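Residue numbers (the numbering used here): 432 to 570.
Structure representation (structure tokens):
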């Protein structure tokens, strides 16, 4: 759960980690605020302890399927459209269309979504990872 780069993050765990295109829009107090490029200006402030990326830098936000939350529970909400739901007992994996990105979202089975259902999920900074354009982890 602590991958050094995007390559490793992409194959650890099943289902795989989601990758969301972002851009650094602000730096302050050891944190980078990133704007999710394909999500209507949605922003997330991510505390970092290492060197900060440059303003305007293209980055990628990594979020595990189980680290999406109900709308409003995190700092950054994004809208998605459910395409397919895979039911696995107490949980369902929803394969969702999020613009040019397909996201896999874990949900409680009773909250599962199916075909052409739009809903909103939330991302918490502490449950996401940030990678630079080379794939290196930004800590």
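Every residue, glycine too, gets a C-beta built ideally from N, C-alpha and C. Fair warning: this is a prediction, and the values are worked out from it, not measured in the lab.
Original post:
Does the separation of the CB atoms of residue 506 and residue 554 fall below 8 angstroms?
Top reply: A contact, by the Cβ cut-off of 8 angstroms.
Original post:
What residue ranges within the segment 447 to 527 form continuous alpha helix (DSSP H) runs of no fewer than 4 residues, ordered along the chain?
Top reply: For the segment 447 to 527, not a single whole alpha helix (DSSP H) run of length 4 or above is found.
Subject >> Beta-carbon contacts of residue 573 that lie in its chain and below 6 angstroms, excluding the five residues immediately before and after >> reply: Look at the range of the chain in this structure, 432 to 570, and you will see that residue 573 is not part of it.
**OP:** Return the bridge partner residues of residue 529 from the DSSP annotation.
**Re:** Residue pairing from DSSP places residue 529 in a beta bridge opposite 532.
Original post:
How about residue 455: is its C-beta nearer than 8 angstroms to some C-beta of chain B?
Top reply: Absent from the structure: chain B. Only one protein chain is present.
Original post:
Which residue or residues does DSSP assign as beta-bridge partners of residue 569?
Top reply: Bridge partners of residue 569: 561.
**OP:** Please determine if the segment 474 to 485 and the segment 433 to 446 are in contact, where contact requires at least 3 C-beta pairs separated by less than 8 angstroms.
**Re:** The answer is no - the segment 433 to 446 does not touch the segment 474 to 485, with fewer than three Cβ pairs under 8 angstroms.
Original post:
What residues in its chain sit with their C-beta under 6 angstroms from that of residue 564, if we drop five residues either side in the sequence?
Top reply: Closer than 6 angstroms at Cβ, skipping near neighbours: 489.
**OP:** Count the other C-beta atoms from every protein chain shown that fall within 10 angstroms of the C-beta of residue 498, then say buried if there are 16 or more, exposed otherwise.
**Re:** Buried is the call here.
Original post:
Quick one: what's residue 538 bridged to in DSSP?
Top reply: When DSSP reads this structure, residue 538 sits in a beta bridge with 523.
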